[in-house]
Every structure is written in C-alpha cells, then in structure tokens.
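Each position in the sequence shown, counted from 1, maps to that position plus 31 in the numbering used here.
Positions of the beta carbon are idealized from the N, C-alpha and C atoms, including for glycine.
Because the structure is a prediction, the values reported are computed rather than measured.
Working notes for the structure below.
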Amino acid sequence: MSTPAPGHVPTLHLTEPTVLVTFSGPDRSGVSTRVFSALDAHDVEVIDVEQLVVRGRLVLSVLVTVPDEVPGFETDLASVGADLGL
32 MSTPAPGHVP TLHLTEPTVL VTFSGPDRSG VSTRVFSALD AHDVEVIDVE QLVVRGRLVL
92 SVLVTVPDEV PGFETDLASV GADLGL
C-alpha cells in the first residue's frame, strides 16, 4: 500500500445515491439507538457519522447510501424524530 501525497484527500466512489440525515434537539439516552434501528430497518449503508453535543443539545448527522426506492424511509425517520422531540 502506498502513502498518499501530502494534502491528498481520499475520495469514496459510491454506486448508490447518498442522503445526509440530520437530527437535532435535546440530548438524552437512547437517541442514537432509535435512529440507527430505524436506518437498519431500511437496509441502508452507513458511510459516516458525526455527533456533537453542546450544552445538552444534540446534533447527529448520518451519511447513508440509499437504494433508488426505499418505501417509508423518510416517513419512518421523521416519525423517529417526532417521537424523540427532535
């Protein structure tokens, strides 16, 4: 394996569309579990995760690949967010 040149930014070549899912609101136990359970139910691939908590406020962003047609994906995630007050 070769060492990349200084300043080189690796790229990821994906064959399926990607979606950035972001939740924000009060931080509390179980938020990540509920979000990732909902994502798992739709058989999406998680590419990257960023989580930030500032003064009790959570920002959770998940980059996922999503096949062309995933019935209920958006409504299920919106429901999780509403249930959690996000």
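query, result
"Per DSSP, what kind of secondary structure is V97 in: helix, strand or coil?", "coil"
"Where does S92 sit, in a helix, a strand or coil, going by DSSP?", "strand"
"Is L108 near V62, with beta carbons less than 8 Å apart?", "no"
"What did DSSP end up calling L108 once you bin it into helix, strand or coil?", "helix"
"Applying the 10 Å Cβ sphere with the 16-neighbour rule, what's the burial state of V95?", "buried"
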